[in-house]
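A.B. asks:
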Amino acid sequence: MRRNDLFLGVYLLAAVIFFIIPMPSQLLDVLILFNVSMSLVIVFNCLFTSETLNMSGFPTLLLFTTVFRISLNVSSTRLILTTGNPGQVVQVFGSFVGGGNLVIGAIIFIVLIIVQMLVINKGSERVSEVTARFTLDAMPGKQMAIDADLNTGAITDQEAIVRREKIQAESAFFGAMDGASKYVKGDAAAGLIITIINIVGGLAIGMTSMGLSMSEALNKFVILTIGDGLVSQIPSMLISLSTGILVTKASKEENIGDILIGQLFSIPKVLLMVGIAMIILGAMTPLNFFFCGAYGLFFIILSFAIRGSQEEAAIKEEVEEEEIQADEVRRHENVNSLLQVDPIELEFGYGIIPLADVNQGGDLLDRVVMIRRQIALELGAVVPIIRLRDNIQLNPNQYIIKIKGIQVSEGEILFDHYMAMNPGYVEDEITGIPTFEPAFHLEAMWITESQRERAESLGYTVVDPPSIIATHLTEIIKEHLDELLNRQDVQNLIDNIKETNKTLVDELVPKLLGVGDIQKVLQNLLKEGISIRDLVTIFETLADYAATSRDTDILTEYVRQSLKRAISNKYFGDSETTTVVTLDPKVEQMIMSSIKQTEQGAYISLDPAVTKQILTATETEIQKLENKGQSPIIITSPIVRMYFKKLTNDYFKDLIVVSYNEIDSDIELKSVGVVTIDDN
13 MRRNDLFLGV YLLAAVIFFI IPMPSQLLDV LILFNVSMSL VIVFNCLFTS ETLNMSGFPT
73 LLLFTTVFRI SLNVSSTRLI LTTGNPGQVV QVFGSFVGGG NLVIGAIIFI VLIIVQMLVI
133 NKGSERVSEV TARFTLDAMP GKQMAIDADL NTGAITDQEA IVRREKIQAE SAFFGAMDGA
193 SKYVKGDAAA GLIITIINIV GGLAIGMTSM GLSMSEALNK FVILTIGDGL VSQIPSMLIS
253 LSTGILVTKA SKEENIGDIL IGQLFSIPKV LLMVGIAMII LGAMTPLNFF FCGAYGLFFI
313 ILSFAIRGSQ EEAAIKEEVE EEEIQADEVR RHENVNSLLQ VDPIELEFGY GIIPLADVNQ
373 GGDLLDRVVM IRRQIALELG AVVPIIRLRD NIQLNPNQYI IKIKGIQVSE GEILFDHYMA
433 MNPGYVEDEI TGIPTFEPAF HLEAMWITES QRERAESLGY TVVDPPSIIA THLTEIIKEH
493 LDELLNRQDV QNLIDNIKET NKTLVDELVP KLLGVGDIQK VLQNLLKEGI SIRDLVTIFE
553 TLADYAATSR DTDILTEYVR QSLKRAISNK YFGDSETTTV VTLDPKVEQM IMSSIKQTEQ
613 GAYISLDPAV TKQILTATET EIQKLENKGQ SPIIITSPIV RMYFKKLTND YFKDLIVVSY
673 NEIDSDIELK SVGVVTIDDN
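This is the structure:
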């Protein structure tokens, strides 16, 4: 057992024993002095701790000290009533503090009780209650501030975790303090009741059992009772003071002595006015002029001394600032910070700043947090930190999206307008400023707030500016998510899976595939919008087939077939029968015969004229589906799927190519065309 644990165990066990077993008066003296010294240790720790959470164990400590103090009170009461000799400490406190006078001692004791119960205890209890309430109410705002700092790159993920844990610790601490302050209040009330019992019981026992007269019994037992009350209430008052200090700290990161002294004696003119007032008070009233003048002279001298030190500090700070600026000019530029490229950046003109400013009611930062969460749930990939920056070089209402430092898209919004889009069936027109929705390039109108209700009643889809930017940013991230997935991200995913599937990961990495190979497979899936959230299934499939082939394109096809339930649900889950286009077997055979294998992988070596025919036929069949309002989906045989996708990818970005092995058996498909070419 560790020494700290042993000490706490003995401390609590002793308190319990003292309730049951009588103790000698000499031992009681030692323990009372120990209790006083521990109270002083606690009060000075609370006074000089730099942060409130450094005393996070204070509520528990409050309970322990209260129980120990009451046990000593019970033991001293037992000695007072049985032997009339509770020890030297109690007797000295009773006679010395009261000067041997019962009335004075009783008055001092009553004043002490009143100060503790009505001033310190009541104030500390109220402050604890209010602080706990405000700390709990402030938690959501603090959490949002951490998320905002995390998304803007002001803090790292680790720093965010530490700050969240600190917020939770503060909430738990002040909540516990709200309840723990009741211990001190109850302790003071119990001490008062015990004092009354001591006096009444002492008089009865002194007059009946000890043969004392009433005056002798009163003199003896009242002094002992006052002494017992003082040795109990003084440590209790110190603990109450500690509670008040801890819950009223204005700053959680500075020494309270530095704060109070710095704030009281930081303005020279205040001290000068106090000094003059004290001199006038001594000169114009019957008060002792010597004392008033001494105080006045002290404050006047102190004011000039502080003014001089502040001027000296200001000059020193100015010189240091000039030296720092000179060093910055002389120092060689550190270009390392310029080499880092942010994965995703959203830059906007000054007219859009209110959307990102929380103080102005903007919620763009919250929407960025939701984008990362949405993509993680939808596609299973962790989106890198999205940097938000204002750029005065842009037009006021313009924003641009960068991937790895290169602009990939842009948009323009009107801050105080809404975007209205016709879903296709609304015949009534509304007036507005013509524009295009930036994410899907749909025709739209900018309308004012006053037109919003009418547009919605007509059936228009009305979107506010933050939603426009968030949707655009989401689509761009999805489009480039495959290139944003780096090896470190893959390693993090592997480590996460390894916690629950150690055998699977140990078999796959690095025995069969390296992190780079797994990265290529996951990138292939993300490039076509297939979720990688089911990593266990993906890794199981890779472990099954990696022994026979290390071609990442082939492995990707095996993985897609294992994910056929997810693929079918993604493309065919909304309707009972899905309209598709198939690929002519002759075209499939033509593609397969043109495949060339190299060490770097396979590629298609088709005649350009044939390629053009295939693309023209594909465009024709896609147009049939789009005219019916259907998504362009082409079904091929498994062995051809990836090559046909590569062949058409640069020309038809939204084309979905699925193999027969990737479709659930219960899915009903209806073919409306075949991609074929003339035999000539």
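Numbering (the numbering used here), first residue to last: 13 to 692.
C-beta atoms are modelled at their ideal positions from N, C-alpha and C, and glycine is treated no differently.
Taking ARG90 as part of the alpha helix (DSSP H), name the residues at either end of that continuous run.
C.D. replies: Mapped onto the sequence shown, residue 90 falls at position 78. From DSSP, the alpha helix (DSSP H) with ARG90 extends over 70 to 94.
A.B. asks: Here's the rule: buried if 16 or more other CB atoms are within 10 angstroms of the residue's CB, otherwise exposed. What is SER683?
C.D. replies: The sequence position of residue 683 within the sequence shown is 671, counting from 1. The residue is exposed, with fewer than 16 neighbouring Cβ atoms inside 10 Å.
A.B. asks: Going by DSSP in three states, THR61 sits in which element: helix, strand or coil?
C.D. replies: Sequence index remark: in the sequence shown, residue 61 carries index 49 (1-based). Reduced to three states, the DSSP call for THR61 is coil.
A.B. asks: I'd like to check one pair, LEU659 with THR623: are the Cβ atoms closer than 8 angstroms?
C.D. replies: Here residue 623 refers to the residue found at position 611 of the sequence shown. Here residue 659 refers to the residue found at position 647 of the sequence shown. In contact: THR623 and LEU659 (Cβ atoms closer than 8 angstroms).
A.B. asks: Across the stretch 460 to 479 and the stretch 497 to 504, are there enough close Cβ pairs to call them in contact, namely three or more that are closer than 8 angstroms?
C.D. replies: Under the Cβ criterion (8 angstroms, minimum of three pairs), the stretch 460 to 479 does not count as touching the stretch 497 to 504.
A.B. asks: What's the C-alpha gap between VAL101 and VAL243?
C.D. replies: As a position in the sequence shown, residue 101 is number 89, starting the count at 1. As a position in the sequence shown, residue 243 is number 231, starting the count at 1. For VAL101 and VAL243, the distance between alpha carbons rounds to 8 angstroms.
A.B. asks: Helix, strand or coil for ASP402, going by three-state DSSP, please let me know.
C.D. replies: Start at 1 with the first residue of the sequence shown, and residue 402 comes out as number 390. Here ASP402 carries a strand assignment [DSSP, helix/strand/coil].
A.B. asks: Nearest to SER88 by alpha carbon, out of ALA432, ARG572, PHE452, ILE32?
C.D. replies: As a first step, residue 88 must be located in the sequence shown, where it is residue number 76. Checking every option, the nearest Cα to that of SER88 belongs to ILE32.
A.B. asks: Taking all protein chains shown into account, do 16 or more other C-beta atoms lie within 10 angstroms of the C-beta of VAL669, making it buried, or fewer, making it exposed?
C.D. replies: Here residue 669 corresponds to residue number 657 of the sequence shown, with the count starting at 1. So VAL669 counts as buried.
A.B. asks: DSSP beta-bridge partners for VAL174?
C.D. replies: Indexing the sequence shown from 1 puts residue 174 at position 162. DSSP lists no partner for VAL174.
A.B. asks: In angstroms, rounded to a whole number, what distance separates the CA positions of GLU335 and LYS328?
C.D. replies: Numbered from its first residue, the sequence shown carries residue 335 at position 323. Numbered from its first residue, the sequence shown carries residue 328 at position 316. Cα-Cα distance, rounded: 11 angstroms.
A.B. asks: Could you spell out where the alpha helix (DSSP H) holding MET433 opens and where it closes?
C.D. replies: To locate residue 433, count along the sequence shown from 1; it is residue 421. First-last for MET433: 430 to 433, but that is the beta strand (DSSP E), not the alpha helix (DSSP H).
A.B. asks: TYR557 lies in the beta strand (DSSP E); which residues open and close that run?
C.D. replies: Locating residue 557 in the sequence shown gives position 545, where the first residue counts as 1. Here TYR557 belongs to no beta strand (DSSP E); instead the alpha helix (DSSP H) covers 547 to 557.
A.B. asks: Please check the pair ASP428 and PHE360, which I expect to be a contact at CB under 8 angstroms, by giving their CB distance rounded to whole angstroms.
C.D. replies: Counted from its first residue, the sequence shown places residue 428 at position 416. Counted from its first residue, the sequence shown places residue 360 at position 348. Not really, about 15 angstroms apart at Cβ, beyond 8 angstroms.
A.B. asks: Any idea what DSSP makes of MET457, helix, strand or coil?
C.D. replies: Against the sequence shown, residue 457 aligns to sequence position 445. Correct three-state label for MET457: strand.
A.B. asks: What are the boundary residues of the alpha helix (DSSP H) that VAL684 is part of?
C.D. replies: Your numbering for residue 684 matches position 672 in the sequence shown. Careful: VAL684 lies outside any alpha helix (DSSP H), inside the beta strand (DSSP E) at 680 to 687.
A.B. asks: Would you call TYR233 buried or exposed, if buried means 16 or more other Cβ atoms sit within 10 Å of its Cβ?
C.D. replies: Along the sequence shown, one-based indexing puts residue 233 at 221. The sequence shown places Phe at residue 233, rather than the Tyr named in the question. Buried, since its Cβ has 16 or more Cβ neighbours within 10 Å.
A.B. asks: When burial is assigned at 16 or more other CB atoms within 10 Å of the CB, is HIS492 buried or exposed?
C.D. replies: One-based indexing of the sequence shown puts residue 492 at position 480. When all chains shown are included, HIS492 counts as buried.
A.B. asks: On the CB-based measure, 16 or more other CB atoms within 10 Å of its CB, does PHE302 come out buried or exposed?
C.D. replies: Residue mapping note: residue 302 aligns to position 290 of the sequence shown, counting from 1. Classification for PHE302: exposed.
A.B. asks: Would you kindly work out how many angstroms separate the C-alpha atoms of TYR672 and ASP678, rounded to a whole number?
C.D. replies: One-based indexing of the sequence shown puts residue 672 at position 660. One-based indexing of the sequence shown puts residue 678 at position 666. Distance between the alpha carbons of TYR672 and ASP678: 12 angstroms.
A.B. asks: Apart from the five residues on each side of it in sequence, which residues of its chain come closer than 6 angstroms, Cβ to Cβ, to LEU34?
C.D. replies: The count along the sequence shown starts at 1 and reaches residue 34 at position 22. Reading off the sequence shown, one finds Pro at residue 34, where the question assumed Leu. The answer, listed in chain order, is ARG90.
A.B. asks: Give the DSSP bridge partners of TYR583, in chain order.
C.D. replies: Within the sequence shown, the letter at position 571 stands for residue 583. Answer by DSSP bridge pairing: none, since TYR583 is not bridged.
A.B. asks: Pop quiz: ILE387 and ILE489 are said to be a contact at Cβ under 8 angstroms. What is the actual Cβ separation, rounded to whole angstroms?
C.D. replies: As a working mapping, residue 387 is identified with position 375 in the sequence shown. As a working mapping, residue 489 is identified with position 477 in the sequence shown. The Cβ separation is near 6 angstroms, so the contact holds.
A.B. asks: Exposed or buried, what is GLY198 when buried is set at 16 or more other beta-carbons lying within 10 Å of its beta-carbon?
C.D. replies: On the sequence shown, position 186 is the one that residue 198 refers to. Exposed is the call here.
A.B. asks: Output the boundary residues of the alpha helix (DSSP H) element that contains ALA166.
C.D. replies: In the sequence shown, the residue the question calls residue 166 occupies position 154. Per DSSP, ALA166 belongs to no alpha helix (DSSP H) and is neither H nor E.
A.B. asks: Can you give the beta carbon distance from ILE634 to ILE616, rounded, assuming they're within the 8 angstroms contact cut?
C.D. replies: One-based indexing of the sequence shown puts residue 634 at position 622. One-based indexing of the sequence shown puts residue 616 at position 604. Actually they are not in contact, since the Cβ atoms of ILE634 and ILE616 sit about 20 angstroms apart, beyond 8 angstroms.
A.B. asks: Short of 6 angstroms in beta carbon distance, which residues of its chain neighbour PHE311, apart from the five on each side in sequence? Order them along the chain.
C.D. replies: In the sequence shown, the residue the question calls residue 311 occupies position 299. Counting only Cβ-Cβ distances below 6 angstroms, and skipping sequence neighbours, we find LEU283, VAL286, GLY287.
A.B. asks: Name the DSSP bridge partner or partners of GLU424?
C.D. replies: Residue numbering aside, residue 424 sits at position 412 when the sequence shown is read from its first letter. Answer is GLN410, bridged to GLU424.
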